[in-house]
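Q: Per our numbering, the sequence shown runs over residues 2 to 471. Sharing a structure here in structure tokens format.
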Amino acid sequence: MPHPSSISGKSDLDWSAIAAELAPVEVIAEPILVKKRSRDFFWYSPILDRQLKSCFGDLVARPATPAEMAHCLSVAARHRAPVVLRGGGTGNYGQAVPVDGGLIIDTTAMGRIIEIGPDWVRVEAGCNILALNEALKARGRELPIFPSTQDMATIGGFISGGSAGIGTVTHGMLRDPGNILEIRALSAEETPLEHVFTGADVNLIHHAWGINAVITELTLRSVPAQDWIGCIASFATYPDCHRAAIALAASTEIERKLCSTLDARIGRYFDRLRGIVPEGRAMLVTLIPRGQMPAFRALLADHGGSLDLEMGEDERQARKLPHVFDFSYNHTTLQALKTDRKVTYLQVLFPAPVTVAKVEELLAVLGDDVWMHHEFARLDGRLVSFDLPLVQYTTDERLYEIMAIYEAHGCPVSDPHKSVLEDGGMKKANMAQLALKKRMDPHGLLNSAKTRSWPRVRDLAPEAIAALEG
């Protein structure tokens with residue numbers, strides 16, 4: 002029978018004893034608080050909400066230093082306790098949900114900025130991204146890429162679970178060479194060992210959902226800070242808006258930190274923009290350097306756009322308005338869900354070359370229950386866009402019918418309604434990441450429920466593992 006202190010009901014471990022062994026690390030055992038830290042933003046998906054809402058951990062630990070993190074992992078390994086790492090809890094796919102119960106390690110107490118160099122920053126994994134960007138700004142620098150959830154998210158969580166964000170339209174994907182310079186991570190065993198990953202090896206840890214190592218420190222590239230002007234322009238039609246966005250994203254004259262397009266119907270969810278952006282018009286959301294605003298206005302004029310909002314940071318704060326990136330990426334989905342819990346979303350790649358014709362082609366076959374929302378990005382050096390459409394959810398069958406329509410028109414879907422790596426964006430197991438897991442997590446404690454391939458990988462012979470590692 003499970004120990005009385007087990008919340009998940011999936012563990013027969015003595016969690017009171019484990020909590021005592023974790024000292025002096027701060028622990029949280031209050032069931033309501035443990036349950037709160039067992040959730041992320043998986044409820045964006047009605048499917049994941051059904052599957053994961055009853056999954057809870059048994060205990061939360063909050064290590065404040067890498068040494069305390071190592072202590073947590075050592076205790077977990079001795080007891081063979083499942084472990085899930087958690088930052089700000091802003092993931093959308095249940096990455097931070099303890100499907101097997103066990104120990105939740107909250108990294109937010111490990112938030113030091115260790116060193117800021119001329120074009121890089123070294124930071125602990127639990128550092129809040131907003132705090133990191135503010136510290137960099139004081140030195141005239143900023144992160145090249147950060148999530149729309151920067152106010153809540155941790156940098157370790159972003160590197161573990163994210164792949165793109167604000168800045169990807171210029172600086173590429175997080176995985177691209179030079180964006181992540183170094184990752185320091187601990188193994189999950191009785192005597193945790195620190196491993197340092199540089200160069201291409203950072204991608205063994207990046208975007209692995211915390212299944213194969215525990216990030217403690219990161220060294221990331223920084224870029225010169227800009228005086229960004231948050232802009233929202235509107236257009237008569239979505240194709241017109243998309244055409245202007247292509248021109249902006251491809252421009253060699255105008256820099257941009259963000260380039261997003263939104264179907265006019267999405268505007269109904271943006272209460273903070275009422276009276277600013279006219280109703281019934283498609284929106285282009287972007288960040289432009291102050292000195293390049295004349296060129297941006299000229300681009301809008303050439304494409305029939307109206308500049309409805311332009312504000313620097315001081316003006317934004319004075320007007321008590323959100324950042325414009327609060328209307329981009331999955332913040333768009335969040336804005337809609339605040340008032341309409343029947344809304345969900347998809348993640349669709351519009352591969353290079355990006356064209357208005359492809360948008361028009363899909364608009365002709367998608368139903369009125371799909372409202373396009375594109376984020377422009379650099380993928381493998383080429384301009385692409387990711388459609389994160391809002392979908393008026395009715396049934397699972399209709400949701401997958403919509404995905405099939407996109408796929409049939411040459412636009413691959415990364416299914417955000419799956420909590421297993423191989424069933425969502427990756428499509429197949431990353432065997433190099435799983436080979437590393439066998440070395441770094443020999444007992445299979447780290448988020449192992451999130452990959453179907455782990456059981457067969459853990460039984461491979463050492464020579465087979467070496468071959469997978471290349």
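Idealized CB from N, CA, C, for every residue including glycine.
Between G58 and L104, how many whole angstroms is the CB-CB distance? I'm expecting something under 8 Å.
A: Correct: roughly 7 Å between the Cβ atoms.
Q: Could you check whether S149 and F326 sit closer than 7 Å to each other, using their CB atoms as the reference points?
A: Yes. Within cutoff.
Q: Just the Cα atoms here: how many angstroms apart are A71 and A97?
A: If you take the alpha carbons of A71 and A97, they lie about 19 Å apart.
Q: So T287 and L249 are supposed to be a Cβ contact under 8 Å. How far apart are they, rounded?
A: Rounded, the Cβ-Cβ distance is 6 Å, consistent with contact.
Q: Would you mind reading off the limits of the alpha helix (DSSP H) that contains H196?
A: Here H196 belongs to no alpha helix (DSSP H); instead the beta strand (DSSP E) covers 195–199.
Q: Evaluate contact between the segment 381–390 and the segment 350–366, counting only Cβ atoms and requiring at least three cross-stretch pairs below 8 Å.
A: With the cut-off at 8 Å, the segment 381–390 and the segment 350–366 touch.
Q: Looking at the unbroken alpha helix (DSSP H) that takes in R87, where does it start and where does it end?
A: Counting along the chain, R87 falls outside any alpha helix (DSSP H), though it belongs to the beta strand (DSSP E) covering 84–87.
Q: DSSP three-state call for T333: helix, strand or coil?
A: Helix, per DSSP.
Q: Among residues of its own chain, excluding the 5 on either side of L194, which ones have a beta-carbon nearer than 8 Å to its beta-carbon?
A: Excluding residues within five positions, the ones whose Cβ falls inside 8 Å are L187, S188.
Q: Let me know the secondary structure DSSP gives R266 once reduced to three states.
A: Three-state DSSP puts R266 in a helix.
Q: Confirm, please, whether the CB-CB distance from I106 to C73 is below 7 Å.
A: In contact: C73 and I106 (Cβ atoms closer than 7 Å).
Q: Return the CA-CA distance between E190 and A246, expressed in angstroms with no decimal places.
A: Answer to the nearest angstrom: the Cα atoms are 49 Å apart.
Q: DSSP on P295, reduced to helix/strand/coil?
A: Looking at P295 - three-state DSSP - the assignment turns out to be helix.
Q: Of the residues E362, A462, P443, which one's Cα is nearest the Cα of M373?
A: Minimum Cα distance to M373 is reached at E362.
Q: Can you give the Cα-Cα distance for L53 and P417, rounded to whole angstroms?
A: Looking at the two C-alpha atoms, the distance is approximately 14 Å.
Q: DSSP three-state label for M373, please.
A: Here M373 sits in coil by DSSP.
Q: Please classify A261 as buried or exposed, where buried requires at least 16 other C-beta atoms within 10 Å of its C-beta.
A: The residue you asked about is not Ala; residue 261 is Ser in the sequence shown. Buried, because 16 or more other Cβ atoms sit within 10 Å of the Cβ of S261.
Q: Within this structure, are the beta carbons of Y407 and E376 separated by less than 7 Å?
A: Not in contact: Y407 and E376 (Cβ atoms no closer than 7 Å).
Q: If we call anything under 7 Å between Cβ atoms a contact, is A234 one with L175?
A: No.
Q: Just to confirm, are I277 and D309 a CB contact at a threshold of 7 Å?
A: In contact: I277 and D309 (Cβ atoms closer than 7 Å).
Q: Just to confirm, are I216 and I181 a CB contact at a threshold of 7 Å?
A: No, the Cβ-Cβ distance between I216 and I181 is not below 7 Å.
Q: Runs of 3 residues minimum, wholly inside the segment 75–115: which ones carry the beta strand (DSSP E) assignment?
A: Within the segment 75–115, the complete beta strand (DSSP E) runs of at least 3 residues are 84–87, 104–107.
Q: How many angstroms separate the CA atom of V357 from the CA atom of A65?
A: Each residue's Cα considered, the two are about 50 Å apart.
Q: Below 7 Å between beta carbons: does that hold for F43 and G95?
A: Yes; because the gap between Cβ atoms is below 7 Å, this pair is in contact.
Q: Do A82 and L14 have their C-beta atoms closer together than 7 Å?
A: Yes. Within cutoff.
Q: Of all the options W210, T220, G179, which has the alpha carbon lying nearest to the alpha carbon of R113?
A: Of the candidates W210, T220, G179, the one whose C-alpha sits nearest the C-alpha of R113 is T220.
Q: Keeping to the same chain, check which residues put their C-beta closer than 6 Å to that of L131; ignore five residues upstream and five downstream.
A: Q151, D152, listed in sequence order.
Q: Please name the residue, chosen from H332, R291, W210, H304, that lies closest to E314 on a Cα-to-Cα basis.
A: It is R291 whose Cα lies nearest to the Cα of E314.
Q: Taking K258 and T333 to be in contact with their CB atoms under 8 Å, please state how far apart those CB atoms are, rounded to whole angstroms.
A: With 8 Å as the limit, K258 and T333 do not qualify as a contact, their Cβ atoms being about 17 Å apart.
Q: Could you give the DSSP three-state label for R140: helix, strand or coil?
A: Note: R140 maps to coil in three-state DSSP.
Q: For E311, which residues from the same chain have a beta carbon less than 6 Å from its beta carbon, with the 5 sequence-adjacent residues on both sides left out?
A: Around E311: I230, C232.
Q: With distances taken Cα to Cα, identify the nearest neighbour of T238 among L422, L285, S449, T253.
A: Comparing Cα positions, the closest option is L285.
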